[in-house]
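Numbering (our numbering), first residue to last: 11 to 265.
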Ligand code: G3H
């Protein structure tokens with residue numbers, strides 16, 4: 011803690027709490043845009059944060075992305091509370107397998123010595139497929155688990171970076187661009203004011219469901235994500251933010 015004070019991380023945390031409508035923030039040293047190990051440090055901080063809040067017999071819902079993959083990598087099995095069930099927060103969003111919520115969820119459960127359930131939903135669902143899928147008993151069962159999550163852990167991405175990485179279809183891409191999206195989280199795209207301008211059609215947690223979740227932990231760092239973090243947080247009060255010095259300094263600079 012003395013070290014964190016010397017490094018100025020505590021001051022950054024205090025400043026961020028003034029700028030963003032968040033309950034709690036943890037800033038780790040470095041900038042994950044420049045050094046890949048910083049993502050693992052955010053991952054470590056996130057694991058500690060999750061463990062501190064974990065009730066017994068809990069359900070933890072997780073999203074995809076490289077940051078959440080780093081959280082999974084840092085997960086350890088020393089949970090005081092037994093009986094943790096990991097579930098993916100939402101179905102397919104067009105990511106490569108290593109960045110998919112299903113993959114990350116299974117890996118986290120393995121490392122935490124917990125259990126997991128998966129959502130087998132194709133990416134880019136048609137309306138018809140969506141309607142019939144949500145009626146499937148096996149899907150319904152997992153959806154109910156997801157909706158009763160005690161903790162949701164998710165990443166935040168830069169909108170255009172995410173849309174490109176997910177090979178988003180042309181019409182959706184146009185919607186994201188013309189809507190001036192700057193942030194993305196669990197398949198929702200947000201403009202600078204924090205309004206949803208596009209949402210990927212998949213099942214799982216919906217934005218409104220988050221209001222009923224006890225603990226929401228957002229993990230996102232790198233100076234390149236400052237704008238995205240600021241926009242997303244406008245409509246996500248009460249969250250815990252785990253970020254890095256790179257993003258924190260950019261946020262303070264631009265405020
Ligand atoms: O769901 C993905 C996140 O919004 C951002 O992904 O952690 O790879 O930057 P990332």
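Cβ atoms here follow ideal geometry from the backbone N, Cα and C, with glycine treated the same way. What you are looking at is a predicted structure, and each value in this text was computed from that prediction instead of being measured.
Could you please give the first and the last residue of the uninterrupted alpha helix (DSSP H) stretch that includes residue i?
i	result
residue 273	The shown model of the chain, from 11 to 265, leaves out residue 273, and the question about it has no answer.
residue 142	137 to 143
residue 148	147 to 157
residue 169	169 to 175
residue 21	19 to 29
residue 76	76 to 84
residue 127	Careful: residue 127 lies outside any alpha helix (DSSP H) and carries neither H nor E.
Below 8 Å on the Cβ atoms is my contact criterion, and I expect residue i with residue j to pass it. Report the Cβ-Cβ distance as a whole number of Å.
i	j	result
residue 210	residue 191	About 12 Å separates the two Cβ atoms, so there is no contact after all.
residue 2	residue 239	Residue 2 is absent from the structure shown; the chain starts at 11 and stops at 265.
residue 18	residue 256	Wrong, their Cβ atoms sit about 13 Å apart, outside the cutoff.
residue 77	residue 204	With 8 Å as the limit, residue 77 and residue 204 do not qualify as a contact, their Cβ atoms being about 20 Å apart.
residue 12	residue 22	At roughly 16 Å, the Cβ-Cβ gap does not stay under 8 Å, so residue 12 and residue 22 are not in contact.
residue 253	residue 35	7 Å
residue 127	residue 213	Residue 127 to residue 213, Cβ: 13 Å. No contact.
residue 215	residue 196	6 Å
residue 87	residue 121	7 Å
residue 134	residue 169	No, residue 134 and residue 169 are not in contact; Cβ-Cβ is about 17 Å, not under 8 Å.
residue 275	residue 219	With the chain covering only 11 through 265, there is no way to say anything about residue 275.
Following the continuous beta strand (DSSP E) through residue i, name the residue where it begins and the one where it ends.
i	result
residue 252	250 to 254
residue 161	161 to 165
Go ahead and pull the three-state DSSP assignment for residue i.
i	result
residue 70	strand
residue 262	helix
residue 36	strand
residue 242	helix
residue 122	helix
residue 257	helix
At the 7 Å Cβ level, is residue i part of the contact set with chain B, yes or no?
i	result
residue 71	Structure shown: chain B not included; a single protein chain is present.
Identify every run of the beta strand (DSSP E) within the segment 181 to 238, keeping only runs that are complete inside it and at least 3 residues long; order them along the chain.
191 to 195, 198 to 201, 206 to 209 and 225 to 229
Length-filtered (3 minimum) beta strand (DSSP E) runs lying within the segment 95 to 120
none
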